[in-house]
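Residue numbers (this note's numbering), protein chains in the order written: chain A, 6 to 140; chain B, 6 to 140.
Think of the CB as a built atom: it goes at the ideal place given N, C-alpha and C, for glycine as much as any other residue.
The block underneath contains the structure these notes are about, expressed in structure tokens.
2 protein chains.
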Amino acid sequence: MFNLSKKVEYGLIAIKHMASGNKGQMFTAKEIAEKYQIPYELLAKIMQKLSKKGFIVSQQGIKGGYRLNKNPQELKVSEIIHTIEGKQSLTIVQCESDTPENCSIHTTCIIKSPLLKIQTNINQVLDTLTVMEMF
Amino acid sequence: MFNLSKKVEYGLIAIKHMASGNKGQMFTAKEIAEKYQIPYELLAKIMQKLSKKGFIVSQQGIKGGYRLNKNPQELKVSEIIHTIEGKQSLTIVQCESDTPENCSIHTTCIIKSPLLKIQTNINQVLDTLTVMEMF
DNA sequence: CTAAATAAGACTAAAAAGGTCGTATTTATA
DNA sequence: TATAAATACGACCTTTTTAGTCTTATTTAG
Numbered sequence: 006m007f008n009l010s011k012k013v014e015y016g017l018i019a020i021k022h023m024a025s026g027n028k029g030q031m032f033t034a035k036e037i038a039e040k041y042q043i044p045y046e047l048l049a050k051i052m053q054k055l056s057k058k059g060f061i062v063s064q065q066g067i068k069g070g071y072r073l074n075k076n077p078q079e080l081k082v083s084e085i086i087h088t089i090e091g092k093q094s095l096t097i098v099q100c101e102s103d104t105p106e107n108c109s110i111h112t113t114c115i116i117k118s119p120l121l122k123i124q125t126n127i128n129q130v131l132d133t134l135t136v137m138e139m140f
Numbered sequence: 006m007f008n009l010s011k012k013v014e015y016g017l018i019a020i021k022h023m024a025s026g027n028k029g030q031m032f033t034a035k036e037i038a039e040k041y042q043i044p045y046e047l048l049a050k051i052m053q054k055l056s057k058k059g060f061i062v063s064q065q066g067i068k069g070g071y072r073l074n075k076n077p078q079e080l081k082v083s084e085i086i087h088t089i090e091g092k093q094s095l096t097i098v099q100c101e102s103d104t105p106e107n108c109s110i111h112t113t114c115i116i117k118s119p120l121l122k123i124q125t126n127i128n129q130v131l132d133t134l135t136v137m138e139m140f
């Protein structure tokens, strides 16, 4: 329930690995997948997402790969999670807004607003932690 | 990924509802289920778990039901989650221990220990929040 | 031209979550 | 003492999510 998904784990591993290299160094999805025993195709798709959001930059073709596009202290863990799993994944109670959306018991729910305290705290923790602090 | 499960939501709703009644007041699973539009059988099983752990006390037979067995300030949200979903549900990375367990890339994983910072924070938030503070 | 890389979407399999059903047991009370 | 209404408990089913695989297209250095 509060487990990181494999995708996020793989994404963080990849980002951290890239952050440990030289500035501007290129890495292929294949080499990272092999080193950490991650399914290649899965990692490839994760890196494509990270690339679309500008955390890493891709270069196609032979001799291609990815390189980090930000400094480790600019890479918030929360943003990486958002990119890989979507923002909804970090909301502990779905119906935070005043509209019902997914929550079938919206009108009678009595725990929604009290739990926003937890939400705020978790958000803060994840917003504060950067890849820099993962070393 | 960081959503509370429906079971936990239902459990918290039930506990909060009971906490808003008179001291020692009995409630049936049926009346709570109806009031908050929760599937009855599901809520019943959740309350059985809460009863086994002593958060609430059950009385069988006609005129039976459940009554709260602790003061709202003694009811930690973290313990309620543990009871309903198991302790594993709150560990953001599975392989915290030094044994591989579920994690297939244990030996090569480089994010395990850094993320314990998040774990510690989340634990603290959930340990601190009680049902008392849900009003 | 080719080999090795990213890009992207469809598909499948496995696991988790959510919900339902059936049966047993308990107990107040008519 | 029979009955109705409650908890107890396990098996089962369905849906959703997660994880992983497969296929095809595109790019590009050499």
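Cutoff 9 Å: residue i Cβ touching any chain A Cβ
| i | result |
| --- | --- |
| B/E14 | yes |
| B/M52 | no |
| B/E90 | yes |
| B/L120 | yes |
| B/L134 | yes |
| B/S10 | yes |
| B/S78 | According to the sequence provided, residue 78 of chain B is Gln. The question's Ser does not apply to it. So, not an interface residue. |
Those residues which DSSP pairs with residue i across a bridge
| i | result |
| --- | --- |
| A/I61 | A/L73 |
| B/F32 | B/Y71 |
| B/T135 | B/K81 |
Alpha carbon of residue i to alpha carbon of residue j, nearest angstrom
| i | j | result |
| --- | --- | --- |
| A/Q64 | A/M23 | 15 Å |
| A/T88 | A/P119 | 27 Å |
| A/Q124 | B/A49 | 28 Å |
| A/Q99 | B/S10 | 10 Å |
| B/N74 | A/I116 | 20 Å |
| B/G91 | A/E84 | 28 Å |
| A/S25 | B/I51 | 46 Å |
| B/I43 | B/F60 | 20 Å |
| A/Q78 | A/I127 | 19 Å |
Residue range of the alpha helix (DSSP H) that includes residue i
| i | result |
| --- | --- |
| A/L98 | As written in the sequence, residue 98 of chain A is Val, which differs from the Leu given in the question. First-last for A/V98: undefined, no H or E at that position. |
| B/L120 | Note, B/L120: premise wrong, no alpha helix (DSSP H); not H, not E. |
| A/I20 | K11 to A24 |
| A/T88 | V82 to E90 |
Min CB distance residue i to chain B below 9 Å
| i | result |
| --- | --- |
| A/F1 | Nothing about residue 1 of chain A can be read from this structure; chain A reaches only from 6 to 140. |
| A/K21 | yes |
| A/S94 | yes |
| A/Y71 | no |
Burial state of residue i, where buried means 16 or more other Cβ atoms lie within 10 Å
| i | result |
| --- | --- |
| A/I67 | exposed |
| A/S102 | Per-residue confidence for A/S102 stands at a pLDDT of 45, beneath the threshold of 50, marking its modelled position as unreliable; no derived number is given. |
| A/G70 | buried |
| A/M139 | buried |
| B/G29 | exposed |
| A/E14 | buried |
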